[in-house]
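Undergrad: First residue of the sequence shown? That's 323 in my numbering, and the numbers climb one at a time after it. Yeah, the Cβ is synthetic: ideal placement off N, Cα and C, and Gly gets one too.
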Amino acid sequence: MTVTPGNAPRTAPPADYQLLLPEGWFRLSIEPERRERSVDALLERQFGGIDNAPHVRREVRGALLEQATAAFQDGGIELYISLQQAGPLTIPASLLVTLVPMPSGVRMPTVQELARSLSVEDPEREVTVVELAAGTAVRVRRLMGGPDHPAPAGGPGDAGRTLPSVTSDYQLPVPATEAHLLLTFSSPLVQIADAMLELFDAVAGSLKWMDGEGAHE
323 MTVTPGNAPR
333 TAPPADYQLL
343 LPEGWFRLSI
353 EPERRERSVD
363 ALLERQFGGI
373 DNAPHVRREV
383 RGALLEQATA
393 AFQDGGIELY
403 ISLQQAGPLT
413 IPASLLVTLV
423 PMPSGVRMPT
433 VQELARSLSV
443 EDPEREVTVV
453 ELAAGTAVRV
463 RRLMGGPDHP
473 APAGGPGDAG
483 RTLPSVTSDY
493 QLPVPATEAH
503 LLLTFSSPLV
513 QIADAMLELF
523 DAVAGSLKWM
533 DGEGAHE
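1. Around the C-beta of residue 446, are 16 or more other C-beta atoms found within 10 angstroms, so that it is buried, or is it exposed?
2. Over what stretch of residues does the alpha helix (DSSP H) that includes residue 450 continue unbroken?
3. So, for residue 370: in the same chain, excluding its five sequence neighbours on each side, which residues have a beta-carbon less than 8 Å away from its beta-carbon?
4. Along the alpha helix (DSSP H) that carries residue 499, what are the first and last residues, could you check?
5. For residue 529, count the other beta carbons within 10 Å of its own beta carbon; 16 or more makes it buried, fewer makes it exposed. Which is it?
6. Spell out the partners DSSP gives residue 404 in its beta bridges.
7. Out of curiosity, what's the CA-to-CA distance linking residue 348 and residue 512?
8. What separation, rounded to the nearest whole angstrom, lies between the Cα atoms of residue 499 and residue 383?
9. I'd like the list of long-range same chain contacts for residue 416, defined as Cβ closer than 6 Å, with 5 residues on each side in sequence excluded.
10. Quick one: using the 10 Å Cβ neighbour count with 16 as the cut-off for buried, is residue 359 buried or exposed?
11. Residue 356 by DSSP, collapsed to three states: which one?
12. From residue 517 to residue 486, what distance separates their C-alpha atoms?
13. Tell me whether residue 393 sits in a helix, a strand or coil according to DSSP, three-state version.
14. So, helix, strand or coil for residue 409, using DSSP?
15. Just the Cα atoms here: how many angstroms apart are residue 406 and residue 366?
16. Please classify residue 336 as buried or exposed, where buried requires at least 16 neighbouring CB atoms within 10 angstroms.
17. DSSP on residue 418, reduced to helix/strand/coil?
18. What's the gap between the Cα of residue 450 and the Cα of residue 504?
19. To the nearest angstrom, how far is the alpha carbon of residue 341 from that of residue 531?
20. Along the chain, where does the alpha helix (DSSP H) that runs through residue 465 open and close?
21. With DSSP as the reference, label residue 529 as helix, strand or coil.
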């Protein structure tokens, strides 16, 4: 992945970035020409040798293709799906990495300005400025559907009810560019939200910028 959007200032931008993910996280290709093959590889890893649940496999395949398509259409560059095991159980979670360039002629806001803007947009979110190894970032946390954060009803029978989720976004400037890198973590495990948020913090904290030779900056 090359992060060189817009007109770079005199200092060269990083050529790439590096994230350390827990064992069991799968990188799902979201590009249209590779998407189905990548989803099928994930399913083979998850369901290989299991022949008694073809309907479940079809449903999971459809959901993954939908998620990958939406990620690509939203400007995503990488999507990771957790297949991490805790005993016999899989820990469901995802990470979407998105490059967010500033429109031409628009000044990139500082991290502090971005944090203030996001706080005003939705007071229900927890917005903080945090220090990562790769630089200062805005972290936005939200819990939906937990015991203290009921999901809003969507009509008769609550058919439109928002699914429970814990999310954490980390948005930080890409050095020497007019763009931000956005890491969006999500999990339905609201029952252990604190543990999931700690995991998301650890992965975001591992982000490092790389130069052209693959060395850390």
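TA: Reading off the structure:
1. To locate residue 446, count along the sequence shown from 1; it is residue 124. Flag for residue 446 reads exposed.
2. On the sequence shown, residue 450 is found 128 positions in, with the first residue counted as 1. From DSSP, residue 450 is part of no alpha helix (DSSP H) but of the beta strand (DSSP E) over 448-454.
3. Counting from 1 along the sequence shown, the entry for residue 370 is found at position 48. Nothing meets the Cβ criterion.
4. Along the sequence shown, read from residue 1 onward, the residue named residue 499 stands at position 177. Looking at the DSSP string, residue 499 is not in any alpha helix (DSSP H), and its letter there is neither H nor E.
5. By 1-based counting over the sequence shown, the position of residue 529 is 207. The residue in question, residue 529, is buried, as its Cβ has 16 or more Cβ neighbours within 10 Å.
6. Mapped onto the sequence shown, residue 404 falls at position 82. Answer is 347.
7. Position 26 of the sequence shown holds residue 348. Position 190 of the sequence shown holds residue 512. Distance between the alpha carbons of residue 348 and residue 512: 22 Å.
8. Mapped onto the sequence shown, residue 499 falls at position 177. Mapped onto the sequence shown, residue 383 falls at position 61. Going from the Cα of residue 499 to the Cα of residue 383 covers about 37 Å.
9. Working through the sequence shown from its first residue, we reach residue 416 at position 94. Cβ neighbours of residue 416 beyond the five flanking positions: 403 and 508.
10. What you label residue 359 is simply residue 37 of the sequence shown in a count that begins at 1. The residue is exposed, with fewer than 16 neighbouring Cβ atoms inside 10 Å.
11. Within the sequence shown, residue 356 is the residue found at index 34, counting from 1. In the structure shown, residue 356 sits in coil (DSSP, three-state: anything other than H, G, I, E or B).
12. Numbered from 1 along the sequence shown, position 195 holds the residue referred to as residue 517. Numbered from 1 along the sequence shown, position 164 holds the residue referred to as residue 486. Annotation: residue 517 to residue 486 spans about 16 Å, alpha carbon to alpha carbon.
13. The residue given as residue 393 occupies position 71 in the sequence shown. Correct three-state label for residue 393: helix.
14. As a first step, residue 409 must be located in the sequence shown, where it is residue number 87. Residue 409 falls in the coil class under three-state DSSP.
15. Here residue 406 refers to the residue found at position 84 when the sequence shown is read from its first residue. Here residue 366 refers to the residue found at position 44 when the sequence shown is read from its first residue. CA-CA distance, residue 406 to residue 366, rounds to 15 Å.
16. Here residue 336 refers to the residue found at position 14 of the sequence shown. Residue burial is scored here from C-beta neighbours: residue 336 has at least 16 other C-beta atoms within 10 angstroms and is therefore classed as buried.
17. What you label residue 418 is simply residue 96 of the sequence shown in a count that begins at 1. In the structure shown, residue 418 sits in a strand (DSSP, three-state: E or B).
18. Counting from 1 along the sequence shown, the entry for residue 450 is found at position 128. Counting from 1 along the sequence shown, the entry for residue 504 is found at position 182. Approximately 15 Å between the Cα atoms of the pair.
19. Locating residue 341 in the sequence shown gives position 19, counting from the first residue. Locating residue 531 in the sequence shown gives position 209, counting from the first residue. The C-alpha of residue 341 lies about 9 Å from the C-alpha of residue 531.
20. Residue mapping note: residue 465 aligns to position 143 of the sequence shown, counting from 1. Premise fails: residue 465 lies in the beta strand (DSSP E), 457-466, not in any alpha helix (DSSP H).
21. Here residue 529 is taken as the residue at index 207 of the sequence shown, counted from 1. Coil.
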